[in-house]
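For reference, the structure discussed in these notes is given below.
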Amino acid sequence: MVSLSTDSASTDPARDDLELGRLHEALARRTTSRAGRELASALPLLPGAAAVREALRSIEELRVLSRSGGALPLADFAPIDETLARVGSGALAPVADLHRVFVAAKLFVEFDRALRREALPTLAGACPFDPTLGPLELELAPTFAADGSLSDDASPGLAEARS
């Protein structure tokens, strides 16, 4: 039986024979973002023929999009995991951290819209969208100025204090 482990220190002979470590490294080098590199470095083997066919359908959708001159909005963003954990536990977060959450939410919303606009059903199914991100983006948008600082529109009290 072939292990699905992605541990680079694996002693699985099948994994070594397939040189999955080299494949992961090659995929990671071709990505444009930190998150993409992390995901590419940890891709598991697909569990069966149905999963392989689904992955190939996603690839074909992307090929068709590329041939037609289309593109998906792919952008790197700063890690937000720690901020989400901190805020989730009731702690406060610095403005810069909250701005990174806003930027990430905005990028996810744009990506989801593009998947639907470009009619990529297989890929859209593989990238489930959290419906709370749209409202979160709208709620946070007036909070930040273009440079990431707090906007006077963040709250009436802030606008008054700055005037």
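Take the sequence shown: its position 20, counting from 1, is numbered 923 in the numbering used here, and each next residue is one higher. Heads up, the beta-carbon is just placed ideally off N, CA and C, and yes, glycines get one too.
Check	Outcome
Measuring only the C-alpha atoms, how far is Ser1052 from Glu1013?	22 Å
Check whether the Cβ atoms of Ser961 and Leu1010 lie closer than 8 Å to each other.	no
Mind the definition here: the segment 967-985 touches the segment 999-1008 only if three or more C-beta pairs lie below 8 Å; say whether that holds.	yes
With a Cβ-Cβ cutoff of 8 Å, do Leu948 and Ala958 count as a contact?	no
Under the assumption that Leu968 contacts Glu1021 (Cβ atoms under 8 Å), give the Cβ distance between them as a whole number of angstroms.	6 Å
May I have the straight-line CA-CA distance separating Leu930 from Thr1046, to the nearest angstrom?	37 Å
Rounding to the nearest angstrom, what Cα-Cα distance links Ala1048 and Ala952 in this structure?	49 Å
Leu1053 bridges to which residues according to DSSP?	Phe1047
Would you tell me roughly how many angstroms separate the C-alpha atoms of Leu995 and Arg956, rounded to the nearest one?	45 Å
Pick from Leu987, Ser944, Asp1056, Asp1015: whose alpha carbon is nearest that of Gly924?	Ser944
Please return the same chain residues whose Cβ sits closer than 6 Å to the Cβ of Val998, not counting the five positions on each side in sequence.	Leu1053
Considering only residues of the same chain and omitting the five flanking positions on each side of Val990, which have a CB-CB separation below 6 Å?	Ala996
If you compare alpha carbons, which of Leu1018, Arg937, Pro1038, Leu1036 is closest to Ala1029?	Leu1018
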